[in-house]
Amino acid sequence: MALGTMSAQITDFSNRADPYPLYAALRKSPVTRQDDGSYLVSTYYEVRSLANDPRLSNDLRNRAPGAGGPAVAEEDTNLPPSFLFHDPPEHDRLRNTTMRPFGPPHSPRFLHDMRDDIARIITDLLDALDGKDEVDVVEDFAYPLPVTAICRILGVPREDEPRFHGWADIVASVLDPSQGKEKVQDARRELGAYLSDLIEAKRRHPGSGILGPLAQETGPNGSMSTAELASTSMLLLIAGHETTVNLISNATLTLLRHPDILKRFQTEPGLVVPLVEEVLRYEPPVQFIPFTVALSDIDIAGTTIPKGAQVWLLLASANRDPKRFEDPDRFDPDREDNQHLGFYTGIHYCFGAPLARMEAQLALPHLFRRIKNPRLMADPPPYRANPVLRGPRHLPVAIDGLAA
Amino acid sequence: MRLVVDLNRCQGFAQCAFLAPDVFVLHGGEALLFTSRFDEGLRDQVEQAAAACPVQAVLVDFSDEPAKGAEGHVG
Ligand code: HEM
Ligand code: SF4
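Chains as they are written, first to last, in our numbering: chain A, -11 to 392; chain B, -17 to 57.
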């Protein structure tokens, strides 16, 4: 499928390692119309305002017939769309139901109580690096951590975890506007069938994790159907697999590229808190949202986005907008008032943000305390194909062994 | 040490209540309650909550000045 000129360049793999010059060029005008009729929004205040605008929809069924732009829908007749692809009131019903066992107001301590579990997973992964003088931070650490964590949070049996990896990898490629959709359909079907069986089993034996209590919601008086819970679980699984890995890898890469900050971090582990926020601004794991749809004509920054048009919100570009962030291309963990859009904003603000933050805030100090004298072996490292969920495919780092 | 939530900024994202459940409590899905005085033991939680607030509405003073009000409330 032909993409508009700029969007084609953004998705072009050769720009994956450094898309930021493209964003800088785009920011010359806040809203850019593509040849295919889609619109790219690149500046901070315009992205934020549209994120909070009820005239912008996440529901792909609102796209005008024959509208241009890449098809990135969960176009699938087996399962209903997840709440990411719903507008209110359905979005709120599904999101609020899912929140009940996961966070406040009903379960304010659920995640907090997972801290020790997550720290344990981290220690086990790092212990396994003993004796190595080269590690792949992605394969050995940043990928297995969130995978294990999200499986624990959902309550997926450990022995089933390996089967997920393949499915999740493929299903997450729906967010890649340049990918075909056939393989995705098959993977979604298999994963959907597995999850429906698991929900059935959890209805009788809830076990640990949030799927048990959510399975209870699928009864006659509950607030979601089994199919809705299956697609919600799929969303959580994929979001848990394919995003946090990039936060940890991007943070590691950025620290290794900034030796002064790394040195400071090694003696001042509390720096991780603002540092993670700055990575979310500077190298956001979700680069852009390519699928929102205008429900009516929207006048913004001198442009009218027509009803039915597809709108791309370029979070990574907004995060480098010099009108909002001073010296935006500088990585600065001491930056004040860092209201980045790395987790988006408005009603679709990342559901898993507290989990992702907790994982990264625990993982990075442990990693950099244990690995001795880390050196990047390839800069830039090889990247994943996906331009939306962007991050290194491998991150080879040479080390002088492991501290106790 | 004490904190205050800027009422005009807070949009109820609840990020603070996830990361510092001993300090911030979401009441009925609407109101945010918080303890404005806290001690060293809660410092990490408060730092994490303040950094995570998407609109940077949590304002923290880590000095040891005794504070006046003990409870805060955001509608
Ligand atoms: C660093 C890691 C992460 C980043 C950068 C991130 C980023 C985002 C962004 C930008 C959105 C908005 C998408 C949109 O509206 O189109 C989003 C939504 C979402 N995220 Fe995350 N995410 C991360 C980790 C997670 C994790 C670990 C989970 C699972 C527990 C998760 C679950 C979700 C869900 C369910 C939504 C949909 C929210 C809604 O539609 O209301 N995310 N995330
Ligand atoms: S203080 Fe910030 S994080 Fe807490 S509820 Fe308000 S907006 Fe959300």
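We put the beta carbon where it would ideally sit given N, CA and C, even for glycine.
The structure displayed is predicted, hence computed values, not measured ones.
Chain A has no Cβ within less than 8 Å of the Cβ of V(-14) of chain B.
Contact between I286 of chain A and I293 of chain A is confirmed by a C-beta separation of about 4 Å, below the 8 Å threshold. Only residues of its own chain outside the window of five on either side were considered, and among them V126, A130, Y131, P134 and G379 have a CB closer than 7 Å to the CB of V233 of chain A, listed in chain order. In the structure shown, the three-state DSSP call for E271 of chain A is coil.
Taking 8 Å as the CB threshold, E29 of chain B lines the interface with chain A. Not flagged as an interface residue toward chain A: F16 of chain B, since no C-beta distance is shorter than 8 Å. Spanning the alpha carbons of D124 of chain A and A116 of chain A requires a straight line of approximately 12 Å. With respect to the C-alpha of P18 of chain A, the residue from A:T111, A:R308 and A:A392 having the closest C-alpha is A:R308. The beta-carbon of G23 of chain B is placed no less than 8 Å from the nearest beta-carbon of chain A. Cβ-Cβ distances below 7 Å link G197 of chain A to R140, I141, L142 and G143 in the same chain, with the five nearest sequence neighbours on each side left out; the list follows chain order. Going by DSSP, V135 of chain A is part of the alpha helix (DSSP H) stretching over P132 to L142.
Look at the region -2 to 15 of chain B: the residues with a C-beta under 7 Å from a C-beta of chain A are A(-1), F0, L1, P3, V7, L8, H9, G10 and G11. For the pair D43 of chain B and L263 of chain A, the Cα-to-Cα distance works out to about 20 Å. In this structure, V299 of chain A lies away from L48 of chain A, with their beta-carbon atoms at least 8 Å apart. At least one C-beta of chain A is nearer than 8 Å to the C-beta of V37 of chain B. Distances between the C-beta of Q27 of chain B and the heavy atoms of the ligand SF4 are all 7 Å or more. Within the DSSP secondary-structure output, W300 of chain A pairs in a beta bridge with A:L28. Close CB contacts of S184 of chain A within its chain, under the 7 Å cut and outside five residues either way in sequence, are with T214 and A218 (chain order).
Put simply, of A:G180, A:L303 and A:F90 the residue whose alpha carbon is nearest the alpha carbon of I138 of chain A is A:F90.
In this structure, DSSP gives I293 of chain A an extended state, which the three-state scheme calls strand. Within the same chain, I335 come within 8 Å of D80 of chain A by CB-CB distance, once the 5 residues on both sides are set aside.
In the displayed model, S284 of chain A falls within coil according to three-state DSSP, outside both helix and strand. Neighbours of F(-5) of chain B in chain A, taken as residues whose beta carbon is under 7 Å from its own, are Y337 in chain order.
Under a criterion of Cβ atoms nearer than 7 Å, the residues of chain B adjacent to R97 of chain A are, in order, P3.
Interface annotation for the region 245 to 279 of chain A against chain B: G258, V261, P262, V264 and E265, criterion Cβ-Cβ distance under 9 Å.
When Cβ-Cβ separations below 8 Å define contact, F356 of chain A makes no contact with chain B.
Within the chosen limit of 7 Å, the ligand HEM reaches the beta carbon of F339 of chain A through at least one heavy atom.
For D43 of chain B, the uninterrupted beta strand (DSSP E) run begins and ends at V40 to D43, by DSSP. The secondary-structure analysis by DSSP pairs I359 of chain A across a beta bridge with A:L390. Not a single CB atom of chain B sits nearer than 8 Å to the CB of H79 of chain A.
Going by C-alpha positions, P342 of chain A is about 10 Å away from Q30 of chain B.
Legend: CB atoms of the region 313 to 340 of chain A lying less than 8 Å from CB atoms of chain B belong to residues D325, N326, Q327, F331, T333 and Y337. A Cβ-Cβ separation of about 5 Å places L114 of chain A in contact with R358 of chain A under the 8 Å criterion.
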